[in-house]
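Everything in the sequence shown is counted per this note's numbering, starting at 3 for the first residue and increasing by one.
Glycine included, every Cβ here is placed at the ideal spot set by N, Cα and C.
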Amino acid sequence: MNRKTIFDFQTMKTKGEKVVFITSYDYPTAQFAEAAGVDMILVGDSLGMCVYGYEGTIPVVMDQMIFHAEAVRRGAPSTFLVGDMPFMSYQSSTEKAVENAGRFLKEAHCDAIKLEGGKRIVPTIRAIVDAGIVVMGHIGLTPQSSGQLGGHKAQGRTIESARTVIEDALAVQQAGAQMLLLEAVPPEVGGLITQLLRIPVYGIGGGGETNGQLLIVSDVIGQFQAFTPKFVKKYCNVAEVVTSALKQYAADVRSGAFPAEEHVYRMLKSEAPNFPALADEYRVKLGQN
Ligand code: KIV
């Protein structure tokens, strides 16, 4: 299947077709996502929590993002891939932002980059777009600035806050972003922004009216244990399946049930009769006879 482009996503918006969007951080999960036919994969800085066990996304650095994005691209060569700009990879200067955004394309063969922020990062979005890179904005709850938001809290729940989110959405589109991600906003706000914007609008906790849905794969498969946001739906419980498999493995090793005959490499039939002599030779050498 051919990899979708920004034009396909624009057409899907026009036709009312929903985009299936999921995070992925490694090669095997990317293979599963592509086999499942998802439309778009985000290599999110949520890997800080889901893969590295950090408390949040702040410690994540560009090199980590690139290594994971490269692995995901190898696993999903035919899926539209978005690289997530980590904290301090775009905030300190537009030059640094353009350089880091470019790394996702040059080194990991991503199709687009995502960065958090509305009005206040308009010059950064413009500079990255001017470099020829497809940009996905990310507004509403923006985890990298959750300190300023007073924690990981839904946004747009008052008229004043909803206005801020709408103004941010318009500013991101005006700056040249070709897609927008809305995180943790009421469905009314998600629906209105989806109608107001020309560009596709995807939601993670933004209600059912956006042009597509994003979820974090570690939540969807029940792998991430620390907390579960309200907007998550779990489709299986990998933690239970894996823990149970490892308990059985431990029991088999301790009881001697593993390895069984089918798991061992027997000596060649012609050589086996000579093995006792070899064993004796070494027992004598080491004084163990
Ligand atoms: O890093 C990520 O997975 C994200 C989502 C939480 C939107 O940015």
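**Study point:** Selected residue, minimal CA-CA separation from residue 205, among 12, 223, 56, 20
**Key:** 20
Exercise for review: Compute the minimum distance between the beta carbon of residue 91 and the heavy atoms of ligand 1, and state whether it is under 7 Å.
Suggested key: no
Practice item. Compute every distance between the C-beta of residue 117 and the non-hydrogen atoms of ligand 1, then say whether any falls below 7 Å. Key: no
Exercise for review: Would you mind sorting residue 18 into buried or exposed? The rule is 16 or more other CB atoms within 10 Å of its CB.
Suggested key: exposed
Practice item. Taking only the alpha-carbon atoms, compute the straight-line gap between residue 251 and residue 260 and give it to the nearest angstrom. Key: 8 Å
Review point. Any heavy atom of ligand 1 within a distance shorter than 7 Å of the CB on residue 25?
Key: yes
Review point. Going by DSSP, what residues sit across from residue 215 in a beta bridge?
Key: 22, 205
Practice item. Return yes when the C-beta of residue 212 is under 7 Å from any heavy atom of ligand 1, and no when it is not. Key: no
**Study point:** Straight-line gap, residue 155 to residue 256 (C-alpha atoms, nearest Å)
**Key:** 47 Å
**Study point:** Neighbourhood of residue 100 by C-beta distance below 6 Å, restricted to the same chain and skipping five residues each side
**Key:** 129, 130, 133
Check your understanding: How many angstroms separate the CA atom of residue 26 from the CA atom of residue 43?
Key -> 6 Å
Check your understanding: Taking C-beta to C-beta, are residue 224 and residue 211 nearer than 8 Å?
Key -> no
Check your understanding: Which of the three DSSP states, helix, strand or coil, is assigned to residue 65?
Key -> helix
Check your understanding: Do you know whose CA, among 115, 46, 11, lies nearest residue 28's CA?
Key -> 46
Review point. How long is the line joining the alpha carbons of residue 218 and residue 109, rounded to whole angstroms?
Key: 23 Å
Check your understanding: Does the stretch 87-100 come close enough to the stretch 116-125 to have 3 or more Cβ pairs within less than 8 Å?
Key -> yes
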